[in-house]
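The sequence shown runs 1 to 1234 under the UniProt record's numbering.
Before any comments, here is the structure.
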Amino acid sequence: MHTFRVGTLNINGARDERKRALVFDTTKIKRVDVMFLQETHSNRNNEADWEKEWEGQALLSHNTTLSGGVGLLFSRGFTPSSLEVEHVVRGRCLMVKARLQNHSLVFINIYAPTNGTEKELSRKKVGTVLNGCGDDLLFLVGDFNCTESFLDRDHADPHLASFLSLTETAGYSHGLVDVWRRMHTDSRQYTWFRLSEDRISSARLDRFLLLQTSVFSGCKIMPVGFTDHSLVLSKLGIKNILPKSAHWHFNSSLTQDTSFREVLRHFWSGFRGRKSDFMCLGQWWDRGKTEKQLLCQQYTLNATQDTRRSIRDLETEIVELESIGSSTGERGYIEILKSKKMVLSNLLDGQVQGALVRPRIQDFTEMETPASFFFGLEKKRGQNRVIHPLFLGTGHELVEPGQIKKRAVEFFSSLYESEYCEDDVDEFCRELPRVSDETNSWLDRPLQLDELNADLHGMQGRRAPGVDGLTVEFYRAFWDIVAHDMLEVFNESLASGSLPLSNRRTVVTLLPKKVLEVSSSLGVDTGIISLDQEKTFDRVEHKFLWKVMERFGFNPGFIAMIRVLYSDIVSMLKFNGSLCAPFRVHRGVWQGCALSGMLYGLSLEPLLSKIRACIDGLILPSFSKKIVLAAYEDDVMVMLFSQKDLDVLVNLMVLFNCLSAAKVNWQKSEALAVGRWTNGLPVLPQNLAWRQDGLKYLGVFIGDEATMKRNWLDTIERVEGKIEKWKWLLPRMSYRGRTLVPNNLVVSVLWHRLNCLEPPSGLLAQVQRVLNFFWNGIYWVHQGVLYLPREEGGQDLIHPASRTATFRIQFVQRFLTGLTDLTWRDVARCVFRQVNNLVMDDALFLTNFKFVKVNGLPLFYKSVVKARVLREPVVHRAMLNVSNKATPRLMAALWTRMVVLEHIVASAGPDLTGSEAVALCWLSALSKQPKVCCNCGGTGSVQGRGIFSWTTAGGPDQMATISSQRSSWLPIFGDLGGPLLRPTKVFFLHAVDKEPWNCVKVLNRRGLSKRSASAWPDRLGGDGAHPCWKVLYNPPLRERTGDLQWRILHGAVAMNIFISRMNPAVSDQCPFCSVQETAFHAYSECERLPVLFNVLKGVLNGFNETFSIRNGAGYKKTVRNKWQLLNFIWGEAKMAIYISRKNKIEKKGDCEAASVWRCNIRCRLRLEVGFYEMMNDLGQFCDTWCHKSVLCTVAKDQLHISFRSNCIAAFIHVYMCYHYCVLNRVFVSLCNCK
């Protein structure tokens, strides 16, 4: 029987984050699993804040920001398998149906209206919903805004009728009872209080109505300090309703607590001296982990138990005072009650200060709307990893959790039992390659501290690697404390052959569940078998693996290191959040471990090597090398040519199974026949049938046209669905968030397919249109600019067509310069030789593709040929001596100092017969440039890859082919140009460039042509022409401030000159003066700005910098703190101009930019110092914010703002001058009127 806690609270509005933090903290302190909230005052704009700030799931029904609104908060441990949400009456009644284990629960949250019409409508709708609930476990909870009995109030009830009709419906139809009244039959206690000067009005408005059969063990009314309602908390005992937590996890917030660091350092230094008390270092290390866990738990408990005890004492006192005050009405008790509630409110407020400051500082550090928030929200919105039924092989279904756990443990215990039989492995291992002596020497060296540090920082965070609960974040934060001890323990473990016990205890999480085109075009009969291997990683036999590593030539010392990792391992199954009975692991490699893929590859290579040697496979025309298989980890595809090949494959699989326990599931394997097979198809084993359409390999459908179309089925609908999930959050997103969603959460799922397949015509354009949700209605900046990197003035928004073109260029790079043993290179060459019947493969890329006919090529290879967005120069900045007989194109190339292969081919003629004439044109290059020559391959045909090559001044013995590292590619822009079309960089043929920026510029060249880098070059000269874009977003600037600066530089701000065109009622004049308001005027020329600029001059003088109207202060890494502060000051100045203008238009708040700037700086400094005080790390605050004491200083743990005194005189002087100018202008105007 599990205790299930449900609470309800009317919170009187939670528009601000402080109020929400109080609600969330109260929910966690009381350990509420489901919290019903009324009067949330939520709407679509702040729904994102609820999602971000609450660690569980928040379901809201909005009314307005001033009234109404209901919601449910589910704790992080509440993990239903499904949720159905219905807004019965928006903002008044929310119904959620949840499926949890084998229970169906219905939560109905009510905030009853007091208006007569609304009351009747709500009563009817709630009655209809109740009638349709059936036998589900029903919770009718909320603020009913009326009472049922005289015991529930101390005054007359003005809304009795509506409640009686509702309770009659609920009671007679469903047997619902008032839980609190059932447990306190004749008691008086109220959930709502109104305190006036001389009396208390109180009533029990908040109720739980549950089925009579529900097993509830308690129901209490608890006062809270931030609302006039009390929390009603009910405890229910329901069998198997909530899973228990698997094991303890380290509280990552302690990594920022310097007091905890000192406590841990002191503890560990003392514990380090106890090594001699233990038999070995491993035993000492295990005990140390246990002590660390207890230390963390005790430290957290000590930090909170005093506050929790005070809260409980205050709650008891308030309940007593409420009872006395309601019965006596004495003013003295009322005043004491008010003061006690104020104390409780302040106590709770102090409790949540850390919860408010820490995420705000994190947002400043990681920039607002960090990636972790979006990925966390995406994961939270996904399906919960909870298993409710378990289907057996017999067809039976297990639903009882105890039976499911038992059966799961039995399965995994059997799976990890060894089946290995001692046998000779030489038959499969004779032809294996050997590891070099140099590599063995490097592998055998002892562990180094820098290796451990690098591996630690390469691990994925936010999870515990073992049952000890110490996370990656713990070791990263306290690495300086435990590093040397960890190295000492690990080296002893490698020497002794056994890891510490805690490192041998693992947790297994139970989760719910181009050759074709060539063969077809050439008429070659090919059979493709995709092998499905059962539990591939789990069935690796350790003894077999050690023997295979010996045959590969690994030294015994290195093999011993690997054996330590798999010696005496015990695992526990994590099922629905709880741990099951342990079982021993005698085989298998860990999935998720970086080493496991390589170990599995070693264990499988004997089989693959034998298959390559014994099967004839596919031999392409004009090629001698056979193509037998393709393998990626456990996905193996074998090419067959005859029945003999198939028989050999089946026999090898049987032998390898006996040797290594690897097992093929033939029933789940797939077989695809390509070609005619006029003599009949080979006979497949175990009822495996040949397919003619296609199959799926590595997540891609391959086969005929209909099968290939399945790769793109519903692509647009899926992309639209993902984007639609985030549109509600768009108004609250920074530009980084608006880029992150499409880049990482939407179109990233397409990259694998786009890398190896050509999408249907028009698909990428449709995807791009769906992704254009960056701007909310108005396109302020050309879309092509958004695709550029941030350092060039863009926002890194993904452009699918450019990314696809980059994939094609990478393919060509790998084809020409990749590893010599690439399996698919011969396949690609066979395809390229069909182009124009030229029988050219590598040399095809020297030709002008304008004259190439690609009819008959597979779609992917057509796209490779068409992706000529880059041209390949022979030599960068080389010179040619061109005779009068040379072609004009070659003469023109001389003056550009860039000679490309296209020019040379044009000189030699389309058949390349004139290549000797071209060779005579080469002379020495410029100083420090390579000497170039042409190596011709004959008079008529082009042979191999040596058509054009060059050598350095060292002589002909250093000759290289076209794939030389000197060969680089540049974008083709034609006659277009401009600052934004300058190539990002020249990238070389041998180096695969993953960044698509050059492709972005080529494919969007018309939109980027002749565009300035910013809107300010004529105004600000050099600074405006080449802004330092990157510093606009550097911390400690907020992301919103960075966005504002970016928009200002692009002129994409809504000034009156623009607004007046859309709304004639708005004047185009500046709200501060009579000049036409443009972005230039508002942010650099307005007569109100000298006040702010002179304040900035005074501050910048303290940094020994001269003030000028620029697009950012710049950046110098050598004095990082100084320039970060300068960029922060300048960014906040722009934000102050924006805010003061907004205040002026809305006629509220401070309209002086200098005053707003000072206020923003002070608030930020106080926020930062509060955070660092909480972390006991004021030294870090001083390093970041107190550079030369210009902005502030810290003395005796007190913050002193110093920039005020530095610039106050300048401010007063300019302020007076400004107002004198205004008065003088008014006087002149009056004189002119006379």
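For each residue, glycine too, the CB sits at the ideal point set by N, CA and C.
Here the structure is a predicted model, which means the values were calculated and not measured.
- Here the alpha carbon of Gln783 sits roughly 12 Å from the alpha carbon of Arg1005.
- Counting only runs of at least 4 residues, the region 524-582 fully encloses the following alpha helix (DSSP H) elements, listed from N- to C-terminal order: 542-551, 556-565.
- Sorting Asn837, Leu1178, Ala1079, Ala1195 by C-alpha distance to the C-alpha of Tyr1138 places Ala1079 at the top.
- Rounded to whole angstroms, the separation of the alpha carbons of Ser234 and Trp192 is 17 Å.
- The continuous stretches of beta strand (DSSP E) do not include Cys421, and DSSP gives it neither H nor E.
- Leu432 sits close to Phe552, with the two beta carbons spaced by under 8 Å.
- Residues of the same chain with a CB within less than 7 Å of the CB of Thr823, apart from the 5 flanking positions on each side, are Ile627, Ala630 in chain order.
- Here His542 is buried, its C-beta having at least 16 other C-beta atoms within 10 Å.
- It is roughly 23 Å from the alpha-carbon of Glu120 to the alpha-carbon of Leu210.
- Judged by beta-carbon spacing, Lys1134 lies within the 8 Å limit of Gln1045, meaning their Cβ atoms are closer than that value.
- In the three-state DSSP reduction, Gly1170 falls in the helix class (H, G or I).
- In this structure, the beta-carbon distance from Leu764 to Pro800 falls below 8 Å.
- Between the beta-carbon of Ser493 and that of Leu501 there is about 11 Å, and that puts the pair past the 8 Å contact cut.
- Apart from sequence neighbours up to five positions away, the residues of its chain that approach Met35 with a beta-carbon distance below 6 Å are Gly7, Thr27, Leu73, ordered along the chain.
- When secondary structure is reduced to three states using DSSP, Thr185 falls in the coil class, being assigned neither helix nor strand.
- Beta-bridge annotation (DSSP): His62 is not paired with any residue.
- Looking from the CA of Val1000, the closest CA among Gln795, Gly699, Asp1183 belongs to Gln795.
- For the options Met95, Val589, Cys219, the alpha carbon positioned closest to that of Asp538 is the one of Val589.
- A straight-line Cα-Cα distance of about 10 Å links Ala483 and Val489.
- Note on the region 1115-1154: whole alpha helix (DSSP H) runs with a minimum of 4 residues are 1120-1146, in chain order.
- By the criterion of a C-beta distance shorter than 6 Å, Leu980 is surrounded in its chain by Leu1008, Arg1011, once the five residues flanking it on both sides are discounted.
- The region 114-134 makes no contact with the region 194-208, as fewer than three CB pairs between them are under 8 Å.
- Scanning its chain for C-beta atoms nearer than 7 Å, with the 5 sequence neighbours on each side dropped, one finds around Ile1201 the residues Arg1162, Leu1165, Cys1192, in chain order.
- Here DSSP, grouped into helix, strand and coil, assigns Asp634 to coil.
- Spatial neighbours of Asn1121 in its own chain (CB-CB distance under 8 Å, excluding positions within 5 residues in sequence) are listed in chain order as Asp1183, Thr1184, His1187.
- Scanning Leu452, Val674, Val749 for the CA closest to the CA of Arg476 turns up Leu452.
- When DSSP states are grouped into helix, strand and coil, Cys1182 belongs to the helix group.
- Taking a contact as a CB-CB distance under 8 Å, the pair Arg753 and Val700 counts as one, their CB atoms being some 6 Å apart.
- Going by beta carbons, Phe774 and Leu786 fall inside the 8 Å limit.
- Close CB contacts of Arg833 within its chain, under the 6 Å cut and outside five residues either way in sequence, are with Val839, Asp841 (chain order).
- Apart from the 5 residues on each side of it in sequence, Leu684 sits with its Cβ closer than 6 Å to the Cβ of Ala671 in its chain, given in chain order.
- For Tyr697, there is no enclosing alpha helix (DSSP H); the residue is part of the beta strand (DSSP E) that begins and ends at 694-697.
- Here Arg732 has Ala48 as same chain residues with Cβ atoms under 6 Å from its own Cβ, once five neighbours each way along the sequence are excluded.
- Contact annotation, Gly142 with Ile110: C-beta distance approximately 3 Å; criterion of less than 8 Å satisfied.
- Contact between Asn440 and Asn555 holds, with the beta-carbon distance rounding to 5 Å and staying under 8 Å.
- Between Ile702 and Leu713 the beta-carbon gap is near 15 Å, outside 8 Å, which marks them as no contact.
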